[in-house]
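Number of protein chains: 2
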Amino acid sequence: MRTRLSSDQYATGILAGDRLLLSRAITLIESRRADDQALAQDVLATVVGHNSGHDLLGNGASIRVGITGVPGVGKSTFIESLGSLLTERGHRLAVLAVDPTSQRSGGSLLGDKTRMETLSLNPNAYIRPTPAGDSLGGVARRTRETMLLCEAAGFDIILVETVGVGQSETVVHGMVDFFLLLMLAGAGDELQGMKRGIMELADALAITKADGSNMATANRARVDYQNALHLFPPTGTGWFPPVLTCSALTGEGIGNLWQTITDHQQLTHQNGYHLHRRQEQQLTWFRSLVQEELNTRFFQQPGLRERLSDIETKVRLGVLLPVQAAQVLFTTPY
Amino acid sequence: MRTRLSSDQYATGILAGDRLLLSRAITLIESRRADDQALAQDVLATVVGHNSGHDLLGNGASIRVGITGVPGVGKSTFIESLGSLLTERGHRLAVLAVDPTSQRSGGSLLGDKTRMETLSLNPNAYIRPTPAGDSLGGVARRTRETMLLCEAAGFDIILVETVGVGQSETVVHGMVDFFLLLMLAGAGDELQGMKRGIMELADALAITKADGSNMATANRARVDYQNALHLFPPTGTGWFPPVLTCSALTGEGIGNLWQTITDHQQLTHQNGYHLHRRQEQQLTWFRSLVQEELNTRFFQQPGLRERLSDIETKVRLGVLLPVQAAQVLFTTPY
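Protein chains in written order, with the numbering used here: chain A, 1 to 334; chain B, 335 to 668.
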């Protein structure tokens with residue numbers, strides 16, 4: 001059995017870039033034990049804001065990029081290709097995932113050993129799968145905290161992948177500086193698996209697998225989506241989401257895509273939107289923690305879930321009006 | 335001073351289609367007095383579900399249509415034109431509004447006497463402005479309840495207009511069967527005032543002012559938007575949101591638009607989506623009432639708003655991490 005380290009020992013190790021201690025600290029974050037959680041929060045509080053050059057908002061610490069796309073779009077090979085390029089350029093890259101399906105399958109797709117083979121052997125890349133067995137809210141919290149630890153350990157680019165289930169895109173959009181939507185070129189039915197509202201969250205669209213006989217289709221799709229995006233309301237940031245093509249196979253377009261992300265960073269740092277977005281994200285995170293705590297306190301009362309389920313059935317069947325149902329829920333003694 | 339009626343007297347009058355009693359009951363709904371609210375809830379509980387042919391979900395009672403669009407798109411003249419057509423066809427029409435700006439201006443735009451002059455004199459139309467001085471949540475609740483009263487009074491078509499401020503479109507989308515987005519044809523900058531995410535809520539887009547020298551521009555816009563909508567993910571209902579053109583001036587396209595709405599009703603009644611959407615709306619409404627009550631109980635504690643504001647400033651400035659901030663909020667004694 002391993003000796004239990006102090007939060008200072010963890011913090012010192014992480015700030016020195018010790019990957020083993022980073023991994024063990026992330027395991028504390030993922031733990032459900034109260035003493036692990038308390039220790040994890042101590043470590044976080046110690047390391048975050050400790051690095052010179054950035055504060056608790058993480059300014060200057062890293063570029064945070066969210067990546068989504070339907071299954072089959074090629075997220076893993078895309079991340080491998082982008083990750084190789086970034087590490088070659090001297091960056092240190094952490095790849096995290098928000099995957100609420102891992103609670104069902106018992107392990108993240110990202111944990112699959114056949115994925116990201118090259119990148120997982122790269123000393124300047126750190127890949128951490130989603131822990132299994134948690135709600136989306138739990139996954140979101142752990143991913144945010146893991147991101148902060150990785151930044152403290154010196155990773156200057158964080159990629160957060162999402163599988164696009166439930167509200168996971170919105171959650172990831174709420175924790176990154178740049179949200180990238182990967183798209184497949186096809187015959188118009190390419191979006192069957194994509195949810196409505198996602199396209200308008202994107203800071204850029206990238207059509208993947210733009211190589212070989214697929215080139216013409218990819219370019220046509222690029223023009224179509226670019227025209228469609230012109231009809232969207234402006235983002236309010238001075239940034240116009242572009243549509244790009246790329247190929248993880250040939251590497252074509254990957255460098256161009258990264259240039260787009262750094263252009264976006266430059267613009268939003270200059271016009272103040274970067275700071276604004278991070279501040280709003282922190283506030284939103286805080287408010288959702290408050291709501292979560294209020295809900296936990298209320299809904300954990302004995303028998304309440306059963307009563308709620310009974311009342312909701314009556315609302316659904318049209319036996320109770322919502323206002324009546326709320327009165328019943330709050331007036332019945334508990 | 336008027337005598338205070340019993341809830342049975344209100345209910346009988348409303349079910350008989352008495353407009354005066356309907357108006358007085360809506361005033362009760364809008365009142366902040368506890369005894370008025372109690373009476374209003376009694377009246378609601380009595381009339382709703384009382385009409386044969388529909389239940390508490392309002393099935394069979396009416397078609398509920400939400401209408402939004404940026405200022406200047408011509409919502410009022412559009413509603414006048416559509417309303418005249420519907421009353422000529424024997425329908426009885428209620429026009430409500432969700433306008434959270436009325437709390438600032440002290441009165442709804444819809445209450446402006448210069449608007450909807452013809453319709454306001456029409457015996458088969460009932461126009462009710464938004465009450466002033468309330469939050470969006472409050473406006474939403476009152477509009478929902480007013481809608482139920484109007485349905486009980488025999489109005490078979492409810493139009494809910496929104497000015498598109500804050501989250502008002504989402505709120506209106508959550509209370510109607512069909513959500514219509516009015517758009518101006520222009521030079522590409524027509525959407526400056528429109529928020530992102532609204533286009534994907536729409537069950538149809540209508541390009542207004544498609545008359546005279548504006549026809550060609552309107553038709554071009556129609557084709558552009560239709561192409562853009564094809565790239566959107568499917569709605570999951572079997573319905574493909576069409577883009578239409580219309581003119582309140584010439585009346586052209588208004589009948590066609592109504593046909594679209596009834597086509598949608600027929601499809602969604604047949605495939606079960608109509609019932610599903612209303613059930614989900616009731617559940618969402620109920621859940622938001624529960625959240626509202628939990629928040630009220632917590633945030634109304636003495637001094638809590640000030641402490642919260644202080645803590646949020648620290649989160650925004652990066653002095654506290656969100657998790658730390660939540661701990662401070664919940665552990666400090668109050």
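Heads up, the beta-carbon is just placed ideally off N, CA and C, and yes, glycines get one too.
For residue 38 of chain A and residue 45 of chain A, the gap between their C-alpha atoms comes out near 11 Å.
In the structure shown, residue 236 of chain A falls within a coil segment according to DSSP collapsed to helix, strand and coil. Approximately 7 Å separates the beta-carbon atoms of residue 492 of chain B and residue 430 of chain B; this is inside 8 Å, confirming the contact. Under a 10 Å Cβ-count criterion, residue 414 of chain B is classified as buried, with 16 or more other Cβ atoms of the shown protein chains found around its own Cβ. Within the same chain, and ignoring the five residues on either side of residue 321 of chain A in sequence, no residue has its Cβ closer than 7 Å to its Cβ. Per DSSP, residue 665 of chain B has no beta-bridge partner at all. For the C-beta of residue 382 of chain B, the chain A residues within less than 7 Å are, from N- to C-terminus, 321. Identification of residues in the stretch 278-291 of chain A having a C-beta nearer than 7 Å to some C-beta of chain B yields 279, 282, 283, 285, 286, 289 and 290, given in sequence order. Assigned with DSSP and collapsed to three states, residue 495 of chain B falls in strand.
Residue-level contact by beta carbon holds for residue 225 of chain A and chain B, with a gap shorter than 8 Å. One finds 613, 616 and 617 in chain B with Cβ atoms closer than 8 Å to the Cβ of residue 316 of chain A, taken in chain order. At a Cβ-Cβ threshold of 8 Å, residue 503 of chain B and residue 401 of chain B do not count as neighbours. When Cβ-Cβ separations below 8 Å define contact, residue 531 of chain B makes contact with chain A.
Distances from the CA of residue 352 of chain B to each of B/485, B/370, B/364 and B/497 were compared; the closest alpha carbon is that of B/485. Note that the C-beta distance between residue 397 of chain B and residue 487 of chain B is not below 8 Å.
Contact of residue 41 of chain A with chain B by beta-carbon distance below 9 Å involves 655, 657, 658 and 661.
For residue 245 of chain A, the uninterrupted beta strand (DSSP E) segment begins and ends at 243-245.
With a cutoff of 8 Å on beta-carbon distance, residue 43 of chain A and residue 25 of chain A are scored as near each other. Judged by their CB atoms, residue 329 of chain A and residue 624 of chain B are nearer to each other than the 8 Å cut-off. Beta bridge pairing from DSSP links residue 207 of chain A with A/183 and A/245.
At a cut-off of 8 Å between beta carbons, residue 578 of chain B makes no contact with chain A. Around the C-beta of residue 424 of chain B, fewer than 16 other C-beta atoms lie within 10 Å, and the residue is accordingly described as exposed.
Residues of chain A whose Cβ lies closer than 8 Å to the Cβ of residue 459 of chain B do not exist, since the nearest Cβ in that chain is about 26 Å away. Listed along the chain, the chain A residues whose CB falls inside 8 Å of the CB of residue 378 of chain B are 321 and 323. Exposure of residue 280 of chain A is indicated by the presence of fewer than 16 other C-beta atoms within 10 angstroms of its C-beta.
Residue 617 of chain B carries a helical assignment under DSSP once its states are collapsed to helix, strand and coil. Nearest to residue 428 of chain B by C-alpha distance, out of B/469, B/381 and B/481, is B/481. Between residue 286 of chain A and residue 640 of chain B, the gap from beta carbon to beta carbon reaches 8 Å or more. If the five residues before and after residue 167 of chain A are omitted, its C-beta is found closer than 8 Å to the C-beta atoms of 136, all from its own chain and listed in chain order. Counting only the Cα atoms, residue 199 of chain A lies some 10 Å from residue 225 of chain A.
In terms of Cα proximity to residue 331 of chain A, the closest of A/156, A/319, A/304 and A/315 is A/304. Rounded to whole angstroms, the separation of the alpha carbons of residue 575 of chain B and residue 586 of chain B is 20 Å. Around the CB of residue 649 of chain B, 16 or more other CB atoms lie within 10 Å, so the residue is classed as buried. Residue pairing by DSSP places residue 98 of chain A opposite A/162 in a beta bridge.
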